[in-house]
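Quick note: the sequence shown, position 177, residue 170 per our numbering, numbers continuous.
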Amino acid sequence: MPRLLSIGECMIELAPEADGRLRPGFAGDTFNTAWYARRLAGTDIEVGYLTAVGDDDPSRRMAVFMEEAGITPHLAIRQGSSVGLYMISLRDGERSFSYWRSTSAARSLADDLSALPDLEPGDMSYFSGITLAILPETGRRRLLDVLSNARTAGITIVFDPNLRPRLWADADEMKTWIMKAAAVSDIALPSFEDEATHFSDVDVAATASRYADVGVSTVIVKDGSGPVLIRTADGDATVVPEPVTQVVDTTAAGDSFNAGFLIALLEGEDPSDAVRQGCAVARKVIAARGALVEI
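Right under this line is the structure:
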């Protein structure tokens, strides 16, 4: 049975309803990808999530939520800790976030990590720049060592840079660790707008080249509603997404794209068809409110 293991932080989400009220739920970039992956995958694919949680009621509710969603939880329990919380604010379909995560147990997810659980050659593990950003330096080093060892053992490592400068001490720290993470990855899923802003890439090809130069074998450069660039050892290809007719909330657009893409790869699709599935999933997600919407 192929497996996809997502690694990161799941948080309590407060999402705005049409009447202005806030709806509580659970979400987070890599968890969103796991949640959509579970809905897209057949019964022959297992989806898991690795993080750390506390021993309080919100942490227990989160674990139950994962299990009810069909996601296999791999949770380190930290006594006296809890989970983080964030609130979404919307304006014209674009979102901004307010975070409360200083006591989040997920910051310690790599503290005692020695290997990726239950994965075998041919399986996938997925993480993001946010996963790295919330960890202390020792945790980042440990996580990248574990991922590097897994890659050597035949597990496909997938990385979304998901650049969030507010989570880092400064831009240089962010860029250094992002490229260290890319160097242990087989697949990278950068978003051009962010990469151009923080790495000064002049075009999508420059973004693809920077990741390929550190050893990433497949680079998928997302560019909003523009063409998606696919860089592999066979050369470059592009996929033009279908036009988007309605944008309600762009929360989890990239996360859901990643889910569609990765599940298609696990099901044997080539990168171009996998990108098309990712685009189709994201198009549905941005037409509804919140990070996790039924597709």
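Cβ atoms here follow ideal geometry from the backbone N, Cα and C, with glycine treated the same way.
Expressed to the nearest angstrom, what Euclidean distance is found between the alpha-carbon atoms of residue i and residue j?
i      : j      : result
Thr225 : Asp187 : 21 Å
Ala280 : Gln239 : 6 Å
Gly21  : Glu262 : 27 Å
Phe19  : Pro236 : 30 Å
Asp12  : Leu83  : 12 Å
Ala246 : Ser107 : 32 Å
Glu60  : Ile171 : 31 Å
Ser178 : Leu258 : 16 Å
Ala164 : Pro158 : 6 Å
Leu222 : Leu125 : 25 Å
Asp248 : Gly73  : 30 Å
Pro9   : Thr145 : 43 Å
Ala62  : Ser89  : 26 Å
Arg14  : Ala99  : 28 Å
Ala110 : His67  : Contrary to the premise, residue 110 reads as Pro rather than Ala in this sequence. Pro110 and His67: Cα-Cα distance of roughly 8 Å.
Ser97  : Arg134 : 19 Å
Leu140 : Ile70  : 21 Å
Val57  : Pro17  : 15 Å
Ala143 : Leu136 : 11 Å
Leu7   : Arg53  : 18 Å
Pro36  : Val214 : According to the sequence provided, residue 36 is Thr. The question's Pro does not apply to it. Approximately 29 Å between the Cα atoms of the pair.
Going by Cα to Cα distance, which pick from the options is closest to residue i?
i      : options                           : result
Asp50  : Ser82, Ile288, Ile5 and Ala281    : Ile5
Ala284 : Ala189, Val241 and Gly47          : Val241
Phe24  : Thr44, Asp12 and Phe90            : Thr44
Glu113 : Ile256, Ile150, Ala34 and Ala245  : Ile150
Ser210 : Asp48, His67 and Ser202           : Ser202
Ala252 : Cys272, Pro129 and Val139         : Cys272
Arg370 : Cys3, Lys277 and Asp116           : Lying before the first or after the last residue shown, residue 370 is absent from the chain, which here runs from -6 to 288.
Ile180 : Pro17, Ala267 and Ser107          : Ala267
Asp194 : Cys3, Asp216, Arg53 and Leu136    : Asp216
Tyr119 : Gln72, Pro17, Asp153 and Glu61    : Asp153
Gly122 : Phe250, Leu68 and Trp161          : Trp161
Met55  : Asp196, Ser89 and Cys3            : Cys3
Asp138 : Asp248, Asp104 and Val221         : Asp104
Pro264 : Thr244, Arg282 and Gly228         : Gly228
Gly219 : Thr231, Ile81 and Leu128          : Thr231
Gly1   : Val76, Ala189, Val233 and Ser91   : Val76
Ile81  : Thr243, Ala275, Val212 and Asn142 : Thr243
Tyr79  : Tyr92, Gly47, Val286 and Ile70    : Tyr92
Lys173 : Thr131, Arg282, Glu260 and Val207 : Val207
Once the 5 residues before and after residue i are set aside, which same chain residues still bring their CB inside 7 Å of it?
i      : result
Ala27  : Ser(-1), Val40, Tyr42 and Ile64
Lys291 : Because the chain here runs from -6 to 288, residue 291 falls outside it and cannot be looked at.
Tyr204 : Ala175, Ala181, Pro183 and Val212
Val286 : Val278
Quick one: grab the DSSP three-state call for residue i.
i       : result
Pro264  : helix
Arg157  : coil
Val237  : coil
Arg84   : strand
Ile127  : coil
Ser89   : strand
Asp248  : helix
Asp229  : strand
Val278  : helix
Ala181  : strand
Arg71   : coil
Arg94   : coil
Met(-6) : coil
Ser(-1) : strand
Leu285  : coil
Ile148  : coil
Leu112  : coil
Leu106  : coil
In chain order, what residues of the same chain lie with their CB nearer than 6 Å to the CB of residue i, ignoring the 5 residues before and after it?
i      : result
Ile256 : Ala30, Leu33 and Ala34
Gln270 : Gly253 and Ala257
Leu102 : Thr44 and Ala45
Can you give me the Cβ contacts of residue i inside the same chain, cut-off strictly under 8 Å, excluding the 5 residues immediately before and after it?
i      : result
His191 : Leu156, Pro158, Ala164, Met167 and Lys168
Asp48  : Ile70, Arg71, Gln72, Gly73 and Ser74
Let me see if you follow: with CB-CB separation under 8 Å, is residue i close to chain D or not?
i      : result
Ala280 : Going by chain labels, chain D is absent from the structure shown, which holds only one protein chain.
Could you check if residue i belongs to the surroundings of the ligand HEM, using beta carbon to heavy atom distance under 7 Å?
i     : result
Phe19 : This structure does not include the ligand HEM; it has no bound ligands of any sort.
Report task. Would you list, in sequence order, the uninterrupted alpha helix (DSSP H) runs of no fewer than 4 residues that lie entirely inside the region 6 to 68? Result -> When DSSP assignments are scanned along the region 6 to 68, the uninterrupted stretches of alpha helix (DSSP H) that are 4 or more residues long and fall wholly within it turn out to be 22 to 33 and 50 to 61.
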